[in-house]
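Participant: Dumping the structure here so I can ask a few things about it.
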Amino acid sequence: MNKSDLSPVRSSERYVILDALRGFALLGIAMANFPEFSLYTFMSAEDTATLPLSGVDQWVRYLLYFFVDGKFYTIFSLLFGIGFSIIFENVARKGGNALSVFYRRMIVLAFIGIVHLMFIWSGDILLLYALLGMLLPPLRKLSNRSLLTVAFILLLIPVVVDFLCEVTKLRLSEPVVRMQQMYCTKFGITDENFAYWLHDARSYGEVFQFLIQGAWVRMQEFIDGNRYFKVLGLFLLGFYIGRQHLYACLEEKRSWLKKVFRSGLSVGLPVSVLYAYSAMNDHPWGMTVHSIFYLMGVYPLAFAYMSGICLLFLRHPDSHVFRWFAAPGRMALTNYVGQSVVGMFVFYGIGLGLGSEISLFITELIVVMIYIALQSFSSLWFVLFRFGPLEWIWRMLTYGHWIGCRK
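Counting from 1, position 85 in the sequence shown corresponds to residue 85 in the UniProt record's numbering; the numbering is continuous, with no gaps.
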């Protein structure tokens, strides 16, 4: 087959519900990430207490842990798995080499992730997605039963790992922590200036120094949070959903969606009360219990969000709300990186320098404003173009030929 016969999914073949879910997840991810971008996360309790609206901020923190933390990257990871199944079907239908296309796609995503991680924001998730995504093809031939079994085992492993680490007092990320500390010492980053380094930065060179040690912090977060197991498990669940084409037969699955929604809320809401309390108070019952709260609170509530949105879509399929969220969802990669670029400008000293100066409440208001701006940009962009800017580059490098972007 000629390479030019291979191309990404056409606009007419897209499912609005998937784009809308992706756009919804982007907003939640920004709400979860920007407390770190604004440097609020790095500040001491004494310093945050001096910020305006500090009393309100405690409630905002609790609500973020309750409704946001972990839920939206769960949705995003599930959608990644669904996308994996769509890519394989699309390429196979056209007679192409699906494995070759997918691995090229992951290699390009890994490169984008490295650039994002090292030069824009150390909280990147793209590199992890690309590396774990490369493990998906060998698992694609598993039966549905085996696929679900492996996925659930992967999601349970973090509880076991946290229990073993708690009992043995072992910290798996210790070598990574030492590397991060080495770079902090090299650049003069200390506990006293850590929260204010990016705020005080007057050159990109200083920002880059922080990002270098931040890459090691990110690796530490992935290890301590058992993110590798969680993300791969969610990828497999998403692949199962995609393989069953559940997104394409929502009406037939209405009763099943209602069950998922009700059970997700009935389990996720009460457990999230405990999860948020544990997160706010430095895990008073230990990491094993906290990990169980995550398992029983975050995932069910994320599934409730997804199923609830699907049920609303069935009732109002022509609603402008879904189209509104679908626009940024169609160019999720561009908007994800775009959020970081805007965040760097708003909060770092090389830009407006608002980091460590504003409350968490104001930070979340800024998130909403940034998201609305990016949504407007996305909507205007798609008047003239078929793909987002980064999506366009990603697709051309993946498929190995020129793909027209203008409509």
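The C-beta atom is built at its ideal place from N, Cα and C for all residues, glycine as well.
1) From the DSSP output, in three-state form, read off R406 for me.
2) Roughly how far, in whole angstroms, is the beta-carbon of E251 from the beta-carbon of L352, given that I think they are within contact range, below 8 Å?
3) With three or more beta-carbon pairs closer than 8 Å as the criterion, would you say the segment 106 to 117 touches the segment 129 to 136?
4) Determine, using beta carbons only, whether L147 and L236 come nearer to each other than 7 Å.
5) Could you pull the start and end residues of the alpha helix (DSSP H) that I393 belongs to?
6) Measure from the alpha carbon of G225 to the alpha carbon of each residue in F322, Y196, F163, then state which is nearest.
7) Compute the Euclidean distance between the alpha carbons of G214 and Y62, then round it to the nearest angstrom.
8) Taking the Cβ atom as the reference point for each residue, do S379 and A326 lie within a distance shorter than 7 Å?
9) Distance check for E221 and Y183, CA to CA, integer angstroms please.
10) When the distance is taken between beta carbons, is P158 closer than 7 Å to S291?
11) Are the beta-carbon atoms of F119 and G343 separated by less than 7 Å?
12) Rounded C-beta distance between S307 and L257? I'm assuming under 8 Å.
13) Should A304 be counted as a contact of the ligand SAM given a C-beta to heavy atom distance under 6 Å?
14) Could you say which of G23, Y15, L18 lies nearest to I372 if we only look at CA atoms?
15) Measure how close the beta-carbons of Q244 and W216 come, nearest whole angstrom, since I'm counting them as under 8 Å.
16) I'd like the list of long-range same chain contacts for L265, defined as Cβ closer than 6 Å, with 5 residues on each side in sequence excluded.
Facilitator: Well, looking at it:
1) Numbered from 1 along the sequence shown, position 406 holds the residue referred to as residue 406. In this structure, R406 counts as strand in the three-state DSSP scheme.
2) Your numbering for residue 251 matches position 251 in the sequence shown. Your numbering for residue 352 matches position 352 in the sequence shown. Actually they do not touch by this definition, with Cβ atoms about 48 Å apart.
3) yes
4) In the sequence shown, counting from the first residue as 1, residue 147 sits at position 147. In the sequence shown, counting from the first residue as 1, residue 236 sits at position 236. Yes, these two residues count as a Cβ contact at 7 Å.
5) Here residue 393 refers to the residue found at position 393 of the sequence shown. Residues 389 to 399.
6) As a first step, residue 225 is located in the sequence shown; it is residue number 225 there, counting from the start. The shortest Cα separation from G225 among F322, Y196, F163 belongs to F163.
7) Locating residue 214 in the sequence shown gives position 214, counting from the first residue. Locating residue 62 in the sequence shown gives position 62, counting from the first residue. The straight-line gap from Cα to Cα measures roughly 25 Å.
8) Stepping through the sequence shown from its first residue, residue 379 is reached at position 379. Stepping through the sequence shown from its first residue, residue 326 is reached at position 326. No, the pair does not count as a contact, with Cβ atoms beyond the cut-off.
9) As a first step, residue 183 must be located in the sequence shown, where it is residue number 183. As a first step, residue 221 must be located in the sequence shown, where it is residue number 221. Going from the Cα of Y183 to the Cα of E221 covers about 17 Å.
10) Counted from its first residue, the sequence shown places residue 291 at position 291. Counted from its first residue, the sequence shown places residue 158 at position 158. Their beta carbons are under 7 Å apart, which means S291 touches P158 by this criterion.
11) In the sequence shown, the residue the question calls residue 119 occupies position 119. In the sequence shown, the residue the question calls residue 343 occupies position 343. No.
12) Walking along the sequence shown from the start, residue 307 turns up at place 307. Walking along the sequence shown from the start, residue 257 turns up at place 257. Contact flag correct, Cβ pair sits at about 5 Å.
13) No copy of the ligand SAM appears in this structure; indeed no ligand is present at all.
14) Along the sequence shown, one-based indexing puts residue 372 at 372. If we check each option's Cα against that of I372, G23 comes out closest.
15) The residue you call residue 244 lines up with position 244 of the sequence shown. The residue you call residue 216 lines up with position 216 of the sequence shown. Incorrect: roughly 40 Å between the Cβ atoms, too far for contact.
16) Locating residue 265 in the sequence shown gives position 265, where the first residue counts as 1. Hits under 6 Å: A304.
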